[in-house]
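Peer 1: What follows is a single structure, and I will ask about it in a moment.
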Amino acid sequence: MKHQYDLIVIGGGAAGLTASGVAVSLGAKTMMIEKARLGGDCTWYGCVPSKVLLNLGKKTALSGKPVDFSVVRKKLDNIRHDIYEEADDPEKFREMGIDVEEGEATFTDKQTIRIKNSDGILREVSSKYFVIATGAKAFVPPIPGLDKTPHLTNHNLFEIDELPKSMIIVGGGPIGTEMAQAFQNLGTKITVVDMLDTILVNDHPDLTAILKEHLEKQGVTYELGAGVKSVSGNKNSVEVTIERGGKTKVLKGEKLLMATGRRANYEPLNLDAAGVQTGKQGVTVNDKCRTNVKHIYAIGDVTGRYQFTHMSEHMAKIAVSNALLKFPMKMDHKHVPWVTYTDPEVAHVGATQKQLDETGVKYATYKFPYNMIDRAITDEKTEGWIYVYAKKLNGKILGADIIGAHAGELISQYALAMKNGVTLKNMADTIYPYPSYALGARRAADQWYVRNQSVGLVKWIKRIFGYRGPLPDLSDPDKIV
Ligand SMILES: Cc1cc2nc3c(=O)[nH]c(=O)nc-3n(C[C@H](O)[C@H](O)[C@H](O)COP(=O)(O)OP(=O)(O)OC[C@H]3O[C@@H](n4cnc5c(N)ncnc54)[C@H](O)[C@@H]3O)c2cc1C
Numbered sequence: 011m012k013h014q015y016d017l018i019v020i021g022g023g024a025a026g027l028t029a030s031g032v033a034v035s036l037g038a039k040t041m042m043i044e045k046a047r048l049g050g051d052c053t054w055y056g057c058v059p060s061k062v063l064l065n066l067g068k069k070t071a072l073s074g075k076p077v078d079f080s081v082v083r084k085k086l087d088n089i090r091h092d093i094y095e096e097a098d099d100p101e102k103f104r105e106m107g108i109d110v111e112e113g114e115a116t117f118t119d120k121q122t123i124r125i126k127n128s129d130g131i132l133r134e135v136s137s138k139y140f141v142i143a144t145g146a147k148a149f150v151p152p153i154p155g156l157d158k159t160p161h162l163t164n165h166n167l168f169e170i171d172e173l174p175k176s177m178i179i180v181g182g183g184p185i186g187t188e189m190a191q192a193f194q195n196l197g198t199k200i201t202v203v204d205m206l207d208t209i210l211v212n213d214h215p216d217l218t219a220i221l222k223e224h225l226e227k228q229g230v231t232y233e234l235g236a237g238v239k240s241v242s243g244n245k246n247s248v249e250v251t252i253e254r255g256g257k258t259k260v261l262k263g264e265k266l267l268m269a270t271g272r273r274a275n276y277e278p279l280n281l282d283a284a285g286v287q288t289g290k291q292g293v294t295v296n297d298k299c300r301t302n303v304k305h306i307y308a309i310g311d312v313t314g315r316y317q318f319t320h321m322s323e324h325m326a327k328i329a330v331s332n333a334l335l336k337f338p339m340k341m342d343h344k345h346v347p348w349v350t351y352t353d354p355e356v357a358h359v360g361a362t363q364k365q366l367d368e369t370g371v372k373y374a375t376y377k378f379p380y381n382m383i384d385r386a387i388t389d390e391k392t393e394g395w396i397y398v399y400a401k402k403l404n405g406k407i408l409g410a411d412i413i414g415a416h417a418g419e420l421i422s423q424y425a426l427a428m429k430n431g432v433t434l435k436n437m438a439d440t441i442y443p444y445p446s447y448a449l450g451a452r453r454a455a456d457q458w459y460v461r462n463q464s465v466g467l468v469k470w471i472k473r474i475f476g477y478r479g480p481l482p483d484l485s486d487p488d489k490i491v
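In this note's numbering, the protein residues as written are 11 to 491.
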């Protein structure tokens, strides 16, 4: 049976936009359906507005003057629209040859979807392949009183017109942490509550402890290891009752931001009609991003696998290559980077130290502090560390954690190196410009040479050439040179 399309993409966020672009570039007759605005969470409710607030917060704190929040609002809107026009404008995708359709899609059977546009008009279309890219929404836990208490999530946070005097943020993950710093810098008194004892639980505890201390110095109050028992309040004030070690405490603030995670968004798709299975995290996919129904793929946040824009794009390429080219590409789980864009930034790629310890892999940690990176010294940005985990024998890099200025840029050095088999030895042998932050990466790699120094070899050199200097002192394995 001939279908109307070769491939239909449902959802026009980071995942859907990439999938549609790749599909049309491979010659497929492609439709992309979006119920709201192209760009999805990243442009409108996620990456972009959060980074705008971080930037404006930093500028406000540096100026020492109170912020005019109407200017912040205008900037938030203007920058989001600039990015939308530059990257997400439907006309650009139509020019590429993609049929961009406004409306909400639901499956009617395995091969057909129904699109309902904002005027309520229905239309059915069929396709050989489908890519589900319908994203995620904020997960709000069932806390007593929350349903009756006005609260913010990432969906309405970037639309507020007045700067709150104080805000309680529930959740010390990347969103809660970035917004804690942004709003504290803008002038809001921030309290962060989390049931865990650390913030950014997926990052290295040494590094997140540094960030937490930094945020505390900026004025953020942390209530960690504390569960939220109940909330109450109205649009002007909220009360959050927390419990720690059997003791309760009532926190008061003007606004409440729930940053308690994200949940896959697939309910309106009527996946039962297509027979697509879902699990705890979202639409269930294998490493080819294929669902249990052979011609239906799912990518990005809706799968609940990795909720990052770059992973949405990665999954889009995997899914479309598998569907259209029958090219058996698999998701890369080994080299996934992530960054929290606070000041200082916290970045990671590859295996975490905890994972390496749990799996019993033999590795060594090579550390380098920012206070030995000359560019960080000249910039007065000496707070930071580079941690690299690598095989002692050949310098094969297994993972890296960085906290410090430009950590989000530096981490790509390690992502590129790991993906392409570049070792610490190779990095140490590469010429890096002085004085740059990247030179810190080379100097971290130098530590591999230092630790592989051989006293025996130096003894031989001394004997052969008659040199009279000292032998290397390897008594302190943690010595940084
Ligand atoms: C505050 C915040 C900050 C973030 N910061 C970063 C960051 O710095 N770096 C990073 O990598 N990631 C960040 N993320 C995560 C990132 O935004 C997401 O991983 C990414 O947007 C996921 O893209 P997606 O295409 O899977 O989903 P989405 O962007 O959510 O797109 C899904 C689209 O599908 C549409 N849709 C849903 N159902 C239907 C339907 N039935 N029919 C038609 N259309 C439908 C929706 O309207 C939406 O436009 C952040 C997220 C948040 C919330």
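Quick reminder that beta carbons are idealized off the backbone N, C-alpha and C, glycines included. No experiment lies behind these values; they were computed from the predicted model shown.
1. Kindly identify the DSSP beta-bridge partner or partners of H305.
2. Of all the alpha helix (DSSP H) runs that stay within the bounds of the segment 341-400, which reach a length of 4 or more residues?
3. Note down, in chain order, each residue of its chain lying with its Cβ closer than 6 Å to the Cβ of P347, except the 5 sequence neighbours on either side.
4. Taking 8 Å as the cut-off, does the segment 49-68 touch the segment 183-199 (at least 3 CB pairs, one atom from each stretch)?
5. Work out the CA separation of T313 and P443 for me, nearest whole Å.
6. Only counting the same chain, and skipping five residues up and downstream in sequence, which positions put a Cβ closer than 6 Å to that of G431?
7. Just verifying my parser: in three-state terms, what is the DSSP assignment at M41?
8. Only counting the same chain, and skipping five residues up and downstream in sequence, which positions put a Cβ closer than 7 Å to that of V465?
9. Tell me which same chain residues have a C-beta within less than 6 Å of the C-beta of G414, skipping the five on either side of it?
10. Considering only C-alpha positions, which residue in the set Q423, G145, A148, T122 is nearest to K138?
11. Please report the straight-line C-alpha distance between T231 and V250, rounded to a whole angstrom.
12. Please tell me whether, using a cut-off of 8 Å, the distance from the CB of Y351 to the nearest non-hydrogen atom of ligand 1 is below it.
13. Determine whether the beta carbon atoms of Y397 and I407 lie at a separation below 9 Å.
14. Is any heavy atom of ligand 1 found at a distance shorter than 8 Å from the C-beta of S60?
15. By the 10 Å Cβ neighbour count, where 16 or more other Cβ atoms means buried, how is I383 classified, buried or exposed?
16. Please report how far the alpha carbon of E493 lies from the alpha carbon of T116, in whole angstroms.
17. Any idea which residues DSSP pairs S322 with across the strands?
18. Can you tell me whether N88 is buried or exposed? The criterion is at least 16 other CB atoms within 10 Å of its CB, across all chains shown.
19. Would you call the segment 321-340 and the segment 198-211 touching, i.e. three or more CB-CB distances under 8 Å?
20. If you compare alpha carbons, which of Y373, L334, A33 is closest to R461?
21. State yes or no: is the beta carbon of V203 nearer than 9 Å to at least one beta carbon in chain B?
22. Strictly by DSSP, which residues pair up with E253?
23. Taking the beta strand (DSSP E) that V135 falls in, what are its first and last residues?
24. State yes or no: is the C-beta of I387 nearer than 8 Å to some heavy atom of ligand 1?
25. Report yes or no: do the segment 312-330 and the segment 23-38 share at least 3 C-beta pairs separated by less than 8 Å?
26. Over what stretch of residues does the alpha helix (DSSP H) that includes R494 continue unbroken?
27. With 16 as the cutoff for other CB atoms within 10 Å, does G181 come out buried or exposed?
28. Regarding R461 and ligand 1, is the C-beta to nearest heavy atom distance less than 8 Å?
29. I'd like to confirm something about S80: is its beta-carbon nearer than 8 Å to some heavy atom of ligand 1, or not?
30. Rounded C-beta distance between Q10 and I490? I'm assuming under 8 Å.
31. How many Å lie between D439 and A455 at the Cα?
32. Hey, Y399 and L434 are a contact pair by Cβ (cut 8 Å); roughly how many whole angstroms apart?
33. Is the Cβ-Cβ distance between H161 and L63 less than 9 Å?
34. Please find out if some non-hydrogen atom of ligand 1 comes closer than 8 Å to the beta-carbon of S422.
35. Given 8 Å as the limit, tell me if N212 has its C-beta closer than that to any heavy atom belonging to ligand 1.
36. Exposed or buried, L221, counting other C-beta atoms within 10 Å across all chains shown (16 or more means buried)?
Peer 2: Taking the geometry as given:
1. One-based indexing of the sequence shown puts residue 305 at position 295. Partner(s): none; H305 has no beta bridge.
2. 363-369, 384-388
3. Reading the sequence shown from its first residue, position 337 is the one you call residue 347. Here the set comprises V359, I421, A425.
4. yes
5. Position 433 of the sequence shown holds residue 443. Position 303 of the sequence shown holds residue 313. Rounded to the nearest angstrom, the two C-alpha atoms are 41 Å apart.
6. As a position in the sequence shown, residue 431 is number 421, starting the count at 1. Result list for G431: empty, nothing under 6 Å.
7. Sequence index remark: in the sequence shown, residue 41 carries index 31 (1-based). Residue state, collapsed to three classes: strand.
8. By 1-based counting over the sequence shown, the position of residue 465 is 455. Cβ neighbours of V465 beyond the five flanking positions: L481, P482, L484.
9. The residue given as residue 414 occupies position 404 in the sequence shown. Taking G414 as the centre and dropping the five residues before and after it, the same chain places the C-beta of P354, Y380, G394 closer than 6 Å to its C-beta, in chain order.
10. In the sequence shown, the residue the question calls residue 138 occupies position 128. With distances taken between Cα atoms, K138 lies closest to T122.
11. Within the sequence shown, numbered from 1, the residue matching residue 231 stands at position 221. Within the sequence shown, numbered from 1, the residue matching residue 250 stands at position 240. Near 14 Å, if we compare the C-alpha coordinates of V250 and T231.
12. On the sequence shown, position 341 is the one that residue 351 refers to. At least one heavy atom of ligand 1 is nearer than 8 Å to the Cβ of Y351, so yes.
13. Within the sequence shown, numbered from 1, the residue matching residue 397 stands at position 387. Within the sequence shown, numbered from 1, the residue matching residue 407 stands at position 397. For Y397 and I407, no; Cβs fall outside 9 Å.
14. If you number the sequence shown from 1, residue 60 lands on position 50. Under cutoff, so the answer is yes.
15. Stepping through the sequence shown from its first residue, residue 383 is reached at position 373. Per the 10 Å Cβ criterion, buried.
16. Summary: the structure shown does not reach residue 493, with the chain confined to residues 11 through 491, and so no result is reported for it.
17. Along the sequence shown, read from residue 1 onward, the residue named residue 322 stands at position 312. In DSSP, S322 forms no bridge with anything.
18. Within the sequence shown, numbered from 1, the residue matching residue 88 stands at position 78. Counting the other CB atoms within 10 Å of its CB gives N88 a total below 16, which places it among the exposed residues.
19. no
20. Position 451 of the sequence shown, counting from 1, holds the residue named residue 461. Ranking the options by Cα distance to R461, first place goes to Y373.
21. Protein chain content of the structure displayed is limited to a single chain, and chain B is not contained in it.
22. Residue numbering aside, residue 253 sits at position 243 when the sequence shown is read from its first letter. G237, T258.
23. Position 125 of the sequence shown holds residue 135. Start and end: 132-142.
24. Position 377 of the sequence shown, counting from 1, holds the residue named residue 387. Judged by the Cβ position, I387 fails to qualify as a neighbour of ligand 1 at the 8 Å threshold, every heavy atom of the ligand being at least this far.
25. yes
26. Because the chain in this structure spans residues 11 to 491, residue 494 falls outside the shown range and cannot be described.
27. Taking the sequence shown and counting its residues from 1, one reaches residue 181 at position 171. Label assigned to G181: buried.
28. Here the question's residue 461 lines up with position 451 in the sequence shown. Result no, Cβ not under 8 Å from ligand 1.
29. Sequence index remark: in the sequence shown, residue 80 carries index 70 (1-based). Incorrect: S80 has no Cβ contact closer than 8 Å to ligand 1.
30. The structure shown has nothing for residue 10, since the chain only spans 11 to 491.
31. Counted from its first residue, the sequence shown places residue 439 at position 429. Counted from its first residue, the sequence shown places residue 455 at position 445. Between the C-alpha atoms of D439 and A455 there is a straight-line separation of about 9 Å.
32. One-based indexing of the sequence shown puts residue 399 at position 389. One-based indexing of the sequence shown puts residue 434 at position 424. Between Y399 and L434 a beta carbon distance of about 10 Å is seen, past the 8 Å cut, so the two are scored as non-contacting.
33. As a working note, residue 161 is residue 151 in the sequence shown. As a working note, residue 63 is residue 53 in the sequence shown. In this structure, L63 does not lie closer than 9 Å to H161 by Cβ.
34. By one-based count along the sequence shown, residue 422 stands at place 412. False, no ligand heavy atom lies under 8 Å from that Cβ.
35. The sequence position of residue 212 within the sequence shown is 202, counting from 1. Flag unset: Cβ of N212 not near ligand 1.
36. As a first step, residue 221 is located in the sequence shown; it is residue number 211 there, counting from the start. Buried, because 16 or more other Cβ atoms sit within 10 Å of the Cβ of L221.
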